[in-house]
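Below: the structure, in structure tokens.
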Amino acid sequence: MKISKFLISLVGAIALLTTAGYYYVFILGAPQLDPPQEEANTGLKFQLATFNSQAMGAVRNYGVILPPGYDKNQQKRYPVIFLLHGGHDDARAYADKYAILDVLHELYQSQKLPPSIVITPDGNDNRGSSPLYDPDYFDGPNGKVGTLIGSELVQVVKSRYRTLEEPQFWALGGLSSGGWGAFNIGLRHLNNFHILFSHSGYFTDNSGSQNSPQQIVQQLSIEDRKRLRVYLDAGLNDTNLLASTKDFKETLNKLGIAHVFYAFPGGHGLSGADIGWNYFHKHLKDSLSYVGEQFKK
Numbered sequence: 000m001k002i003s004k005f006l007i008s009l010v011g012a013i014a015l016l017t018t019a020g021y022y023y024v025f026i027l028g029a030p031q032l033d034p035p036q037e038e039a040n041t042g043l044k045f046q047l048a049t050f051n052s053q054a055m056g057a058v059r060n061y062g063v064i065l066p067p068g069y070d071k072n073q074q075k076r077y078p079v080i081f082l083l084h085g086g087h088d089d090a091r092a093y094a095d096k097y098a099i100l101d102v103l104h105e106l107y108q109s110q111k112l113p114p115s116i117v118i119t120p121d122g123n124d125n126r127g128s129s130p131l132y133d134p135d136y137f138d139g140p141n142g143k144v145g146t147l148i149g150s151e152l153v154q155v156v157k158s159r160y161r162t163l164e165e166p167q168f169w170a171l172g173g174l175s176s177g178g179w180g181a182f183n184i185g186l187r188h189l190n191n192f193h194i195l196f197s198h199s200g201y202f203t204d205n206s207g208s209q210n211s212p213q214q215i216v217q218q219l220s221i222e223d224r225k226r227l228r229v230y231l232d233a234g235l236n237d238t239n240l241l242a243s244t245k246d247f248k249e250t251l252n253k254l255g256i257a258h259v260f261y262a263f264p265g266g267h268g269l270s271g272a273d274i275g276w277n278y279f280h281k282h283l284k285d286s287l288s289y290v291g292e293q294f295k296k
């Protein structure tokens, strides 16, 4: 009898832990246990906006963070940065998870980044958001996400905000699968973006060589190779992503494409000063400082 009660209790405990684990991972999206601390008084504001997307056949949203003093000088135009989220994220992720307002505030104060219009697209395809798969950052059976971000949203942003027009003042980057997406989309739209960056992303996709930046970049013209500017980093804990990033770096070397690469401690995960949301928060300062250097040239 005692053994039966013990087994029942053990099964119940396992079921409870399994349910809790499922809820934590698949419902909550495995939130960071020690997220970056936000500064309350940055003077910056994150807002959601919507537009009617013909590419996706639906109303889509994006986040926007306007630079300090945007409303004061009605003649001034600004560079633009698109930030792509990773799997199981959305347009709010950079504000809610990675404390992007603090990053921008610090870089503006130190003058490492000129005041910029920052856009955070919703990169999810018609399947929606799930921890079971990455967003399809390309035009495919699950929607034309590549056209949505690489072309359509660019025109929306130009029509709504005072942007600089030239592609050398437009940057596209992302983290994790958003890093892959930034290059998969950006390399096809170099008429709109000349600066691309990735944090612990990958460069060969399971959908094939047609969506693998490792292959796409080798097809660029000599003129496009000269225009392109690239920032790459990967966490030392992210073994496969680090290897993919290093391979891509070697390809850039062979092609003579201007780039920087860093391997930093940490990577994906749920807790730690160099882990998960903290990794991306910390190293967004590095990528955006690089972007700032390119904007100033």
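Under numbering that gives the first Met the number 0, residues 0 to 296 are what the sequence shown spells out, in order.
Glycine included, each C-beta is placed from N, C-alpha and C at the ideal position.
Got a sec? Which residues, its chain only, sit under 6 Å from H280 by beta carbon, not counting five neighbours each side?
Working through the sequence shown from its first residue, we reach residue 280 at position 281. Only P35, Y97, A98 meet the Cβ criterion.
CB S176 to CB D133, shorter than 8 Å?
The sequence position of residue 176 within the sequence shown is 177, counting from 1. The sequence position of residue 133 within the sequence shown is 134, counting from 1. Contact flag set, yes.
Would you tell me roughly how many angstroms separate the C-alpha atoms of L171 and G142, rounded to the nearest one?
As a position in the sequence shown, residue 171 is number 172, starting the count at 1. As a position in the sequence shown, residue 142 is number 143, starting the count at 1. Going by the C-alpha atoms only, they are around 20 Å apart.
Identify the continuous alpha helix (DSSP H) that holds I184 and give its terminal residues.
Numbered from its first residue, the sequence shown carries residue 184 at position 185. Counting along the chain, the alpha helix (DSSP H) containing I184 begins and ends at 176-185.
According to the neighbour-count rule (16 or more other Cβ atoms, all chains shown, within 10 Å of its Cβ), is D328 buried or exposed?
Here the chain has residues from 0 to 296 only, and residue 328 is not among them.
Taking 8 Å as the cut-off, decide whether the C-beta atoms of I256 and L227 are in contact.
Within the sequence shown, the letter at position 257 stands for residue 256. Within the sequence shown, the letter at position 228 stands for residue 227. A contact, by the Cβ cut-off of 8 Å.
Could you tell me the alpha carbon to alpha carbon distance between K161 and R126, rounded to whole angstroms?
Residue numbering aside, residue 161 sits at position 162 when the sequence shown is read from its first letter. Residue numbering aside, residue 126 sits at position 127 when the sequence shown is read from its first letter. A quick correction: the sequence has Arg, not Lys, at residue 161. If I take the Cα positions, the gap works out to 33 Å.
Tell me where the beta strand (DSSP E) around G234 begins and ends.
Position 235 of the sequence shown holds residue 234. Looking at the DSSP string, the run of the beta strand (DSSP E) that includes G234 is 228-234.
Is DSSP giving I118 helix, strand or coil here?
On the sequence shown, residue 118 is found 119 positions in, with the first residue counted as 1. Strand at I118.
Is the number of C-beta pairs between the region 229-248 and the region 259-270 that are closer than 8 Å three or more?
Enough Cβ pairs lie closer than 8 Å, so yes.
Does the region 64-84 touch the region 151-168, meaning 3 or more C-beta pairs lie closer than 8 Å?
A contact exists between the region 151-168 and the region 64-84.
Report yes if the CB atom of V117 is closer than 8 Å to the CB atom of I64, and no otherwise.
The residue labelled residue 117 in the question sits at position 118 within the sequence shown. The residue labelled residue 64 in the question sits at position 65 within the sequence shown. Closer than 8 Å, so yes.
Determine the burial state of D70: buried for a count of at least 16 other Cβ atoms within 10 Å of its Cβ, exposed for fewer.
Position 71 of the sequence shown, counting from 1, holds the residue named residue 70. By the neighbour-count rule (16 or more Cβ atoms within 10 Å), D70 is not buried but exposed.
Return the residue from the list A233, F50, K296 that minimises the CA-CA distance to V153.
As a position in the sequence shown, residue 153 is number 154, starting the count at 1. Among A233, F50, K296, the Cα nearest to that of V153 is on F50.
Considering A242, what are the terminal residues of the alpha helix (DSSP H) in which it resides?
In the sequence shown, counting from the first residue as 1, residue 242 sits at position 243. Here the alpha helix (DSSP H) through A242 covers 238-254.
Measuring alpha carbon to alpha carbon, tell me which residue in A233, R159, K295, Y136 is nearest R187.
Taking the first residue of the sequence shown as 1, we reach residue 187 at position 188. Selected option, being the one with the closest Cα: Y136.
Alpha carbon to alpha carbon, how far is G139 from L287? Give it in angstroms, no decimals.
Start at 1 with the first residue of the sequence shown, and residue 287 comes out as number 288. Start at 1 with the first residue of the sequence shown, and residue 139 comes out as number 140. So the alpha carbons of these two residues sit roughly 30 Å apart.
Please name the residue, chosen from H104, S52, P66, P120, that lies closest to A92 on a Cα-to-Cα basis.
Here residue 92 is taken as the residue at index 93 of the sequence shown, counted from 1. With distances taken between Cα atoms, A92 lies closest to P120.
If you follow the beta strand (DSSP E) that S52 is in, where does it begin and where does it stop?
As a position in the sequence shown, residue 52 is number 53, starting the count at 1. Note, S52: beta strand (DSSP E), 45-52.
Check whether the Cβ atoms of F202 and F247 lie closer than 8 Å to each other.
The residue labelled residue 202 in the question sits at position 203 within the sequence shown. The residue labelled residue 247 in the question sits at position 248 within the sequence shown. Contact flag set, yes.
Given a cut-off of 8 Å, decide if G145 and H84 are closer than it, judged by their beta-carbon atoms.
Within the sequence shown, residue 84 is the residue found at index 85, counting from 1. Within the sequence shown, residue 145 is the residue found at index 146, counting from 1. Not a contact, by the Cβ cut-off of 8 Å.
In terms of alpha-carbon separation, which member of L254, L231, N40 lies closest to V290?
The sequence position of residue 290 within the sequence shown is 291, counting from 1. Measuring from the Cα of V290, the nearest candidate turns out to be L231.
What residues are listed by DSSP as bridge partners for Y97?
Looking up residue 97 in the sequence shown gives position 98. In DSSP, Y97 forms no bridge with anything.
With a Cβ-Cβ cutoff of 8 Å, do T250 and Q217 count as a contact?
Residue 250 sits at position 251 when you count from the first residue of the sequence shown. Residue 217 sits at position 218 when you count from the first residue of the sequence shown. Cβ atoms of T250 and Q217: closer than 8 Å.
Assuming the contact rule is C-beta atoms closer than 8 Å, P67 and F294 should be a hit. Round their C-beta distance to whole Å, please.
Here residue 67 refers to the residue found at position 68 when the sequence shown is read from its first residue. Here residue 294 refers to the residue found at position 295 when the sequence shown is read from its first residue. That pair is no contact at about 16 Å.
Thinking just about the alpha-carbon of each residue, which of Q213, G275, Q74, E292 is nearest to the one in L163?
For the purposes of this step, residue 163 is taken as the residue at position 164 of the sequence shown. The shortest Cα separation from L163 among Q213, G275, Q74, E292 belongs to Q74.
Since V156 is in the alpha helix (DSSP H), which residue starts that stretch and which ends it?
For this step, residue 156 is matched to residue 157 along the sequence shown. Where V156 is concerned, the enclosing alpha helix (DSSP H) stretches over 152-159.
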